[in-house]
Amino acid sequence: KAVVSTQSTGDRAEVKQLFPKELSFRGYCPVTYVLGHKRYEALTPGSRDHVVLYAEELFSMKDEGALEHFLRQPWRFNEVPLPAKLPPAKIAQDVRTLPMLGYMEQTVAKAIIEAMTSCSDFKPKYPYVNAHKSALLYVAYHLKAHNPKATAYSREKYRKKLERYKEHCQLIQYLGANMNRRYRPEPERPIDFNHKMDEFLALKNHPLPTS
2 KAVVSTQSTG DRAEVKQLFP KELSFRGYCP VTYVLGHKRY EALTPGSRDH
52 VVLYAEELFS MKDEGALEHF LRQPWRFNEV PLPAKLPPAK IAQDVRTLPM
102 LGYMEQTVAK AIIEAMTSCS DFKPKYPYVN AHKSALLYVA YHLKAHNPKA
152 TAYSREKYRK KLERYKEHCQ LIQYLGANMN RRYRPEPERP IDFNHKMDEF
202 LALKNHPLPT S
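This is the structure we're talking about:
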């Protein structure tokens, strides 16, 4: 008889009572190993949410599909020998104990790289603010707009701020492309030229956007 740890309370409780009984096959999923032609790369850790008690031994499967495979032909998987070479054991480590560079690499490196890459592509220059501060403000808005730990409301709030910030940065390029030394009468100007010029000049008194 095979007793399975599933979402049903009865069998799950019965199997859980056997813990901390050691898992057979060192906790790896025998199904993925066999179906993977017993290659080293096919050694996959099992999940304690998919455990089978068979022939007085506990086997953990990778997922629900592997569990079903085992239940159909348990004799095919329960006596498979482990290979001599096993993957190195994974040791959990508190990232707070890492050096600063290691801590940042494990926690915020991806977000910072994405923000800096986006900044490099856009090349922000905010009116009346130097390029260095313009880049820092862009990165800050990008990080807040894509913070997975923030609320959806907060991310949306800063996404809109980032878009507004980019629009202000583009004022310089727009005005530069539509102005020359010769005076242009208003009928010859682009329809939104005056509005964008007023917006640009208004930023002189408020050179830095508020958070």
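Our numbering applies: residue 2 is where the sequence shown begins, and numbers increase by one.
The beta-carbon is built from N, C-alpha and C at its ideal position, and this holds for glycine as well.
- Where M101 is concerned, the enclosing alpha helix (DSSP H) starts and stops at M101 to T108.
- Rounded to the nearest whole angstrom, the C-alpha separation of A43 and V35 is 8 Å.
- Taking a 10 Å sphere around the C-beta of A116, we find 16 or more other C-beta atoms and assign the residue as buried.
- Taking the Cα positions, E164 is about 21 Å away from A178.
- Within the same chain, no Cβ atom closer than 6 Å to the Cβ of P186 is found once the five residues on either side in sequence are excluded.
- With a contact defined as Cβ atoms closer than 8 Å, Y129 and L176 miss out at about 13 Å.
- Contact check for P84 and Y41: beta-carbon distance about 6 Å, within the 8 Å limit, so the pair qualifies.
- Here the segment 62–73 makes no contact with the segment 99–109; the two share fewer than three CB pairs at distances below 8 Å.
- Counting along the chain, no beta strand (DSSP E) covers E80, and no H or E run does either.
- When the five nearest sequence neighbours on each side are left out, the beta carbons in the same chain lying within less than 7 Å of the beta carbon of G37 are those of A43, in order along the chain.
- Per DSSP, reduced to three states, the secondary structure at H133 is helical.
- In the assembly as shown, K124 is an exposed residue. Its beta-carbon has fewer than 16 other beta-carbons within 10 Å.
- Under the 10 Å beta carbon count, P89 is surrounded by fewer than 16 other beta carbons and is classified as exposed.
- Secondary structure in the segment 11–67: the alpha helix (DSSP H) runs of 4 residues or longer, each lying completely within the stretch, are 31–36 in chain order.
- Within the same chain, Cβ atoms closer than 8 Å to the Cβ of R156 are found at K145, A146, H147 and N148, the five residues on either side in sequence being excluded.
- In the three-state DSSP reduction, D122 falls in the helix class (H, G or I).
- For the pair G66 and F60, the Cα-to-Cα distance works out to about 14 Å.
- With respect to the 7 Å criterion, F194 and L172 are not classified as neighbours on the basis of their beta carbons.
- For T98, the secondary structure class from DSSP, reduced to helix, strand or coil, is helix.
- With a cutoff of 7 Å on beta-carbon distance, Y139 and C120 are scored as near each other.
- Linking E189 to D199 through their CA atoms gives a straight-line distance of about 17 Å.
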